[in-house]
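Residue numbers (numbering that gives the first Met the number 0): 0 to 175. Please read the structure below before turning to the comments.
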Amino acid sequence: MEYNLNDYVNNIKGKVIMICCNDCCAMSTIIHNENILVYTSFGNFISPENKEDIDFFDFCIKNEGVATIIIAGHFNCKIIKHIWTNGTENAKWINMQKSLRKWENEYDSTISVSENEKEIIRKYIFDQVNYISQNSFLERYLSSGKLIIKGIIIDDLNKNRVEELCKIPIKYNGIK
Ligand SMILES: [Zn+2]
């Protein structure tokens with residue numbers, strides 16, 4: 000089923016932290032929804048070692064009844080383009096840059112440049128979901144069934160359509 004961002008958030012049950020990128024204009028359409036706590040981060044990048052971000056998520060899970068964290072990437076991302084193509088000397092973004100550049104050699108010549116760029120953003124967001132799921136604070140909530148972490152992409156070049164990418168915990172279903 001295909002949703003635009005508004006339908007998508009209206010169908011979410013319970014309170015959600017939605018991690019939006021700073022230059023994602025689509026977040027203005029959901030910021031007033033009382034169940035959505037919009038949390039911005041540069042290029043959707045959350046390092047599991049970043050204590051400030053994780054502290055806030057921990058607070059929201061304990062005190063605000065948040066049971067889902069959604070990392071909401073977007074295709075029209077100038078920040079990701081900047082980090083990926085021009086690079087940065089800023090130590091803070093080195094991990095983000097590594098995460099993006101590891102896809103560099105996976106360019107598929109059978110699809111267009113813009114489709115390749117979309118594919119890299121999908122892989123990057125998928126990576127971010129896996130990455131923050133490894134944080135020991137969040138892992139406790141994930142393994143006890145109190146938290147779900149999802150990755151979505153907002154197609155802000157096409158009516159804010161939403162693609163659902165992945166959902167964790169998958170690995171906790173009966174395996175752990
Ligand atoms: Zn962006």
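Just so it is clear, CB atoms sit at the ideal spot from N, CA and C, and this is done for glycine as well.
Check, Outcome
"For E163, the nearest candidate out of N134, K14, I120 (CA to CA)", "I120"
"Span of the alpha helix (DSSP H) around K117", "112 to 132"
"Helix, strand or coil at K101 according to DSSP, with G and I counted as helix", "coil"
"For V37 and I147, the rounded distance between their alpha carbons", "16 Å"
"Reduced DSSP category for S27 - H, G, I as helix; E, B as strand; rest coil", "helix"
"Reference F44, options C24, S113, S143, F125, closest by Cα", "F125"
"Nonlocal neighbours in the same chain, by C-beta distance under 7 Å from L4, ignoring five residues either side", "A25, T28, I29, I153, N159, V161"
"Pair within 8 Å by beta-carbon distance, T67 and G13", "yes"
"Rounded straight-line distance, which links the Cα of G72 to that of M17", "10 Å"
"Simplified DSSP state of K91, which is helix, strand or coil", "helix"
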